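Chains as they are written, first to last, in the numbering used here: chain A, 61 to 627; chain B, 10 to 132.
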Amino acid sequence: MLSSLSDAAESTAGLAKTPTGISGFDDITLGGVPTGRPTLVCGAAGCGKTLFATTFLVRGATQFDEPGVFMSFEERAEDLAANVASLGYDLEGLVAKGRLAIDHVRFDPSEIEENGEYDLEGLFLRLGFAVDSVGAKRVVLDTIETLFSGFTDEALLRAELRRLFGWIKDRGLTAIITGERGDGQLTRQGLEEYVSDCVILLDNRVVDQITTRRLRVVKYRGSAHGTNEYPFLIDTGGISVLPVTSSGLHRPASHEVVSTGIDGLDAMLGRSGFYRGSSILLSGVAGTGKTTFAGHFANAACARGERCLFFAFEESADEICRNAKSVGLDLQHWVDARLLRFEASRPSLFGLEMHLARMNRDLEAFAPDVVVIDPISAFRGPDVEVHATLLRMIDLLKSRGTLGLFTSLRNDGGLAEYADMGLSSLMDAWIKLDNDEANGEINRTLYVIKARGMSHSNQVREYNITGHGITLIEPYIGPEGVLTGTARFTQIAREQASLLRRHQEAEQRRREVTRRRSVLERQINDLRAALKDEEHEESILLAELESREVELLKDREVLAAMRGAAE
Amino acid sequence: MMDDDENRHPMNDEAINDDAMNDDALNDDAEHYHLRLYVAGQTSKSLAALSNLKRVCEEHLAGRYEIEVIDLIQNPRLAAGDQILAIPTLVRKLPTPLKRIIGDLSNTDKVLVGLDVRQKGLG
């Protein structure tokens, strides 16, 4: 919406515009109100018409070097000053500096008697004098319709009003005329008939006891403008209009990946984290540690030196810090370091639009890299509205390239679509936290349902919330399926026992083999020794035999010699 | 800056001191009429108002009235002080309470009623 508006801005450059200084309003009107012309700001009582007009003058005098005149037909100058002092507007100071003139037009119908012809030249002269006294470029008439209660000649009044607006144009004054909303028309006296260049409607609607202020540019002659109703805020920072619109799908994608702050979870994601600028849904039933996950997330962001904005709708900032401390996360020191900011408010405090509007304002002011919204399920209202609001919330973050973590409470363990507000298709990643009840105990498990643009683990992982934060436990996948909790423990113990037994059996067998081997070797050695003995004996016998042969031979020679002698 | 209190002073310089007149009037003559006619230039309505006023005063308040004519084109700053919107406006400063009649004063009877003159005159 806004991107198309900025495209149109160039084509309407011909029409001079005067910035009001009201943040957001100048965006939706592509520059402000028409210069040198009157603009009608209308709405019911208490809509902020006077504040809108006052801001226009104060900002003009302080930021744009355009002094102004406030002609009040309702409030006295001192009341006016007191009313806006809480917003930081120093009307009296501006008056003293000659940057602002306030003229309170007071008249009491009972005091005035009409007799013959008259005109309102006195009003013109007063306005002219006030304009000249400060060199005003801006004029506010608040609420000029009051004149209709003071003068009976309506035809004359209308003629004079027409003349007045003509006079304002002739003088080149940029004027804001306020008007009370009437039945069936924008203002009670049909002022829109005279001020036809730019008409702005302020609205203060109460739905389900929740008030939302809205602003709409009804018409803007000669200029493109945002046509939607835009929520606006009145708070200590003044008035700000929040052009939160569906920003379309024309955004660049970041390839940078940031850690979730939980090692095990990073490991489950193909790229060890989430893409910057993506939206992550963390849904889980009660007590699964959604806020603790969010705390990890915030902690990791701050540890990287990034700024994190934490919108808390169920707990106060202190509570979150205290609870995070119990799992070893020191969030408070990030708060002190101004890297982490909590914005805690009850969802029922404002309407959805207003939450969105405040969020936009906080995003503008804090410029965070990471945003946590805990939880989105706290928003109650018609499904269509909640869905639209969250969609715009996501768009708001995406258009800024901010990583958003949305936690959501599911009422049951199922995959019921309504429990996730039909948002899953809008989210880039979805982590589901569950409580698995089995064997008389509850174990926490998580799994990544989707993570766009990266592969991810399809395992259901058990995790523990300990004094050192969230730790994922190595998955046990055995013949009996995935086991968690004590079942996992007993299974692991059983396996360890059988492993030990197998080890022991193997050891026993090994010892047996060794023993038998040594027996056999001993036998072999004995036999070898016996063989050696026999060989030894045999050699002795052989030697004896040989020596006996030699003796015999000698004896025979001796005998032969003796016989020879005798022969 | 355009407020009543602050603007009373420049006005006093040119005209008369209200407070002093009040005191005088209360002490001396409660029936003294101090009238102030606001006009813007020499328009027909303004001239008609002045002549009508003079005529009524001469006829009914001879000797005990005082008319002060203020031309707002010359002194626009004086308009805020008496909360002037319509031109011409006749303001009865005295006797109190303050009264305003707007228009060219063409209806003499209404002027007399508006200024509370007829009753006083008859009584």
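Glycine is no exception: its CB is placed at the ideal position from the N, C-alpha and C atoms. The structure presented is a predicted model; accordingly, all values stated were derived computationally and were not measured.
Look at residue i and residue j and say whether their C-beta atoms are less than 8 Å apart.
i              : j              : result
residue 349(A) : residue 462(A) : no
residue 65(B)  : residue 103(B) : no
residue 78(A)  : residue 93(A)  : yes
residue 99(B)  : residue 88(B)  : no
residue 97(B)  : residue 178(A) : yes
residue 241(A) : residue 102(A) : yes
residue 371(A) : residue 434(A) : yes
residue 293(A) : residue 466(A) : no
residue 545(A) : residue 499(A) : yes
residue 423(A) : residue 449(A) : no
residue 222(A) : residue 254(A) : yes
residue 63(B)  : residue 173(A) : no
residue 28(A)  : residue 339(A) : Residue 28(A) falls outside the range modelled here, since chain A spans only 61 to 627, and no answer is possible.
residue 330(A) : residue 515(A) : yes
residue 430(A) : residue 522(A) : no
residue 76(B)  : residue 175(A) : no
residue 127(A) : residue 195(A) : yes
residue 188(A) : residue 96(A)  : no
residue 83(A)  : residue 311(A) : no
residue 290(A) : residue 513(A) : no
Name the residue from the options whose alpha carbon lies nearest to the alpha carbon of residue i.
i              : options                        : result
residue 201(A) : 134(A), 622(A), 615(A)         : 134(A)
residue 321(A) : 246(A), 456(A), 530(A)         : 530(A)
residue 115(A) : 240(A), 198(A), 528(A)         : 198(A)
residue 263(A) : 366(A), 545(A), 277(A)         : 277(A)
residue 302(A) : 412(A), 335(A), 562(A), 194(A) : 412(A)
residue 551(A) : 560(A), 536(A), 561(A), 562(A) : 536(A)
residue 525(A) : 505(A), 215(A), 118(A)         : 505(A)
residue 92(B)  : 318(A), 376(A), 168(A), 150(A) : 168(A)
residue 124(A) : 108(A), 99(A), 160(A), 147(A)  : 160(A)
residue 332(A) : 317(A), 339(A), 82(A), 340(A)  : 317(A)
residue 269(A) : 410(A), 499(A), 588(A), 592(A) : 410(A)
residue 533(A) : 555(A), 511(A), 507(A), 557(A) : 507(A)
residue 356(A) : 346(A), 373(A), 374(A), 386(A) : 386(A)
residue 266(A) : 603(A), 557(A), 107(A)         : 107(A)
residue 375(A) : 244(A), 404(A), 564(A)         : 404(A)
residue 118(A) : 157(A), 90(A), 605(A)          : 157(A)
residue 124(B) : 70(B), 79(B), 84(B), 54(B)     : 70(B)
residue 353(A) : 575(A), 105(A), 493(A)         : 493(A)
residue 44(B)  : 117(B), 114(B), 116(B), 78(B)  : 78(B)
residue 220(A) : 95(B), 85(B), 53(B)            : 95(B)
residue 420(A) : 211(A), 396(A), 452(A), 437(A) : 452(A)
Can you tell me where the beta strand (DSSP E) with residue i in it begins and where it stops?
i              : result
residue 508(A) : 501 to 511
residue 263(A) : 258 to 267
residue 373(A) : Unbroken run through residue 373(A): none, as it is neither H nor E.
residue 525(A) : 521 to 526
residue 60(B)  : Taken as a continuous stretch (DSSP letters only), residue 60(B) belongs to no beta strand (DSSP E), being part of the alpha helix (DSSP H) at 53 to 69.
residue 78(B)  : 74 to 80
residue 298(A) : 298 to 301
residue 345(A) : Taken as a continuous stretch (DSSP letters only), residue 345(A) belongs to no beta strand (DSSP E), as it is neither H nor E.
residue 118(A) : Note, residue 118(A): premise wrong, no beta strand (DSSP E); alpha helix (DSSP H) at 109 to 123.
residue 458(A) : Residue 458(A) -> not in any beta strand (DSSP E); alpha helix (DSSP H) instead, spanning 443 to 459.
residue 529(A) : 529 to 532
residue 404(A) : 400 to 404
residue 173(A) : 172 to 174
By DSSP's criteria, residue i is part of a beta bridge. Which residues make up the other side?
i              : result
residue 131(A) : 163(A), 201(A)
residue 290(A) : 275(A)
residue 415(A) : In DSSP, residue 415(A) forms no bridge with anything.
residue 82(A)  : Residue 82(A) pairs with nothing; no bridge assigned.
residue 433(A) : 371(A), 466(A)
residue 490(A) : 341(A), 510(A)
residue 94(A)  : 77(A)
residue 495(A) : 504(A)
residue 240(A) : 103(A)
residue 98(B)  : 47(B), 111(B)
Note the first and the last residue of the continuous alpha helix (DSSP H) segment covering residue i.
i              : result
residue 45(B)  : That residue, residue 45(B), is in no alpha helix (DSSP H); its beta strand (DSSP E) goes 42 to 48.
residue 121(B) : 117 to 123
residue 350(A) : 350 to 363
residue 538(A) : Premise fails: residue 538(A) lies in the beta strand (DSSP E), 536 to 538, not in any alpha helix (DSSP H).
residue 156(A) : 151 to 156
residue 366(A) : It is not in any alpha helix (DSSP H) - residue 366(A) carries neither H nor E in the DSSP assignment.
residue 142(A) : 137 to 145
residue 90(B)  : 87 to 90
Please give the ranges of any alpha helix (DSSP H) in the stretch 178 to 233 of chain A, keeping only runs that are unbroken, at least 4 residues long and fully inside the region.
181 to 194, 207 to 210, 214 to 230
Along the chain, which unbroken stretches of the alpha helix (DSSP H) at least 4 residues long are found entirely within the stretch 307 to 335 of chain A?
323 to 328
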